[in-house]
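Remember, this note's numbering sits 5 above the position in the sequence shown when you count from 1. All C-beta atoms, glycine included, are put in the ideal place defined by N, C-alpha and C.
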Amino acid sequence: MGKKTPLYDCHLQSNAKMVDFAGWDMPLHYGSQVQEHHIVRKQAGVFDVSHMTIVECIGSDAFQFLRQLVANDVNRLTPGKALYTCMLNEQGGVLDDLIIYKIDSTFYRLVVNSATRDKDLAWIKKQANAFNITITERTDLAMLAIQGPAITEKLSHLFDSQDTQAILSLKPFHFLLVKEYFIARTGYTGEDGFEIILPAIEAPSFWNKLLKAEIHPCGLGARDTLRLEAGLNLYGADMDETTTPLESNLGWTIAWEPKDRDFIGRSALEQQREKGAKQRLVGIILEGPGVLRNHQKIMANGIEVGEITSGSFSPTLNKGIALARVNADIGPVCLIDIRGKQVTAQVTKPPFVKKNIVVTVGV
Numbered sequence: 006m007g008k009k010t011p012l013y014d015c016h017l018q019s020n021a022k023m024v025d026f027a028g029w030d031m032p033l034h035y036g037s038q039v040q041e042h043h044i045v046r047k048q049a050g051v052f053d054v055s056h057m058t059i060v061e062c063i064g065s066d067a068f069q070f071l072r073q074l075v076a077n078d079v080n081r082l083t084p085g086k087a088l089y090t091c092m093l094n095e096q097g098g099v100l101d102d103l104i105i106y107k108i109d110s111t112f113y114r115l116v117v118n119s120a121t122r123d124k125d126l127a128w129i130k131k132q133a134n135a136f137n138i139t140i141t142e143r144t145d146l147a148m149l150a151i152q153g154p155a156i157t158e159k160l161s162h163l164f165d166s167q168d169t170q171a172i173l174s175l176k177p178f179h180f181l182l183v184k185e186y187f188i189a190r191t192g193y194t195g196e197d198g199f200e201i202i203l204p205a206i207e208a209p210s211f212w213n214k215l216l217k218a219e220i221h222p223c224g225l226g227a228r229d230t231l232r233l234e235a236g237l238n239l240y241g242a243d244m245d246e247t248t249t250p251l252e253s254n255l256g257w258t259i260a261w262e263p264k265d266r267d268f269i270g271r272s273a274l275e276q277q278r279e280k281g282a283k284q285r286l287v288g289i290i291l292e293g294p295g296v297l298r299n300h301q302k303i304m305a306n307g308i309e310v311g312e313i314t315s316g317s318f319s320p321t322l323n324k325g326i327a328l329a330r331v332n333a334d335i336g337p338v339c340l341i342d343i344r345g346k347q348v349t350a351q352v353t354k355p356p357f358v359k360k361n362i363v364v365t366v367g368v
């Protein structure tokens, strides 16, 4: 038996198929992964993401500590804003990707991946030794993601009119507090929506409130195909400690200025930027029928030029799609080795789908 979120019993009541995910018992789907995918693209769905690790960094040195810890620059934040970034090792490899929320000048909240919890906490605490801060994991909180184009219409069923207007006024990557609810306009699906952190003890009643508002429960399966269509990386598949942001379509998350901000991994990244990364992360769309899978080899001109890092069938495009790490000079067409047969595919720039609009722009 794995660890359970505060919503475990709620998932069973909704007939979820439960699976192990990074040591947690989590819902894969509630009957149909494909149906849940389409619901989020066209209507409104809710995901239990309480397995994610919530960490608070508090103290007079919090700002300086985070400017050193991550590749993006928390100086870009004002209270109420969030920042997506990577946490790197000295070689520029990605230890994890995370979101940092600035509550005030001495109080930041971090959300990191569940699969990397132990490694992340050990690294963060090690780096924090020289700073006047405290690092605290908040295991008393739950986290939900409500996603889809109809979410904004349904907020009035969840909050009073004044709070609803305040939530609707949030811009992407901004957040606010509504009583004990920490509400951010963020997500992992490519659709509009919110991620809500709330006391774990209140999570089941709020979950049931969401279901009564006809926000459909969705599992890990739909979450993965949605994020893949949106071109969003998955840690451990599309990047890890052996790959840098420059090789992972995440160069935009590196704040190079000011030049004197010496974040961990900067020197290695600067050397790679100067020489040019030999590999990059691209999108792949299968021209014919079939499903792309992780680790399938990519061929061009008779030689192997890369490998699929995340592959699946796209319910929106009705085609096989993937993210792949390939040689930097790959052309617009490649071949995928599928069980010994080479199948033609198009090389594209992610995302494949943006808010239910198909995007197939060439590299």
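Rounded straight-line distance, which links the Cα of residue j to that of residue i
| i | j | result |
| --- | --- | --- |
| R114 | Y106 | 5 Å |
| Y186 | P250 | 32 Å |
| T365 | C339 | Below a pLDDT of 50, predicted positions are generally treated as unreliable, and T365, at 40, falls in that range; the measurement from the model is reported next regardless. Roughly 15 Å between the two C-alpha positions. |
| A120 | L225 | 14 Å |
| L146 | A208 | 9 Å |
| H179 | C91 | 19 Å |
| A218 | I201 | 16 Å |
| Q351 | P337 | 6 Å |
| A282 | A333 | 7 Å |
| T191 | D342 | 36 Å |
| G311 | T258 | 23 Å |
| L173 | N77 | 27 Å |
| Y240 | N118 | 8 Å |
| V348 | L74 | 43 Å |
| P355 | G28 | 30 Å |
| D30 | L12 | 10 Å |
| M304 | D165 | 56 Å |
| A155 | Q38 | 19 Å |
Residue burial classification, residue i (beta-carbon count within 10 angstroms, cutoff 16)
| i | result |
| --- | --- |
| G367 | Because the pLDDT at G367 is just 35, under 50, the model does not fix this residue reliably, and the value given afterwards should be weighed accordingly. It counts as exposed. |
| T10 | buried |
| L237 | buried |
| M148 | buried |
| G1 | Outside the displayed span of the chain (6 to 368) sits residue 1, for which this structure offers no information. |
| Q284 | buried |
| I308 | exposed |
| L274 | buried |
| S253 | buried |
| H300 | exposed |
| D123 | exposed |
C-beta atoms of residue i and residue j nearer than 9 Å
| i | j | result |
| --- | --- | --- |
| A260 | R81 | yes |
| I129 | I63 | no |
| V60 | T141 | yes |
| A150 | F52 | yes |
| G345 | L328 | no |
| E196 | R46 | yes |
| T169 | L175 | no |
| G270 | Q96 | yes |
| D267 | R330 | no |
| F136 | F70 | yes |
Coarse secondary structure for residue i, derived from DSSP in three states
| i | result |
| --- | --- |
| E200 | strand |
| F68 | helix |
| N80 | helix |
| S317 | strand |
| P250 | helix |
| F26 | strand |
| Q301 | coil |
| N94 | coil |
| I172 | helix |
| H56 | coil |
| G85 | coil |
| G307 | coil |
| L163 | coil |
| T10 | coil |
| N332 | strand |
| D101 | strand |
| T365 | Annotation note: pLDDT 40 at T365 (below 50); position unreliable, no value reported. |
| A205 | helix |
| G256 | helix |
| T349 | strand |
| G224 | coil |
| R143 | coil |
Own chain residues within Cβ distance below 7 Å of residue i, not counting five before or after
| i | result |
| --- | --- |
| D68 | Checking the sequence, you will find Phe at residue 68 rather than Asp. For F68, where only same-chain residues beyond five positions count, the Cβ hits under 7 Å are V79 and S110. |
| G256 | P250 |
| E246 | N94, G98, V99 and L100 |
| D25 | G7 |
| L231 | H42, V45, T194 and G195 |
Contact set for residue i: own chain, Cβ-Cβ below 6 Å, skip 5 residues either direction
| i | result |
| --- | --- |
| I44 | G50 and H221 |
| I326 | I290, S319 and F357 |
| C15 | P209 and W212 |
Closer than 8 Å: residue i CB and nearest the ligand MN heavy atom
| i | result |
| --- | --- |
| L328 | The ligand MN is absent from the structure shown, which contains no ligand whatsoever. |
Contacts around residue i, its chain only, beta-carbon distance under 8 Å, and the 5 residues preceding and following it disregarded
| i | result |
| --- | --- |
| K359 | G195 and A235 |
| Q18 | none |
| L33 | A21, K22, M23, V24, G224, L225 and G226 |
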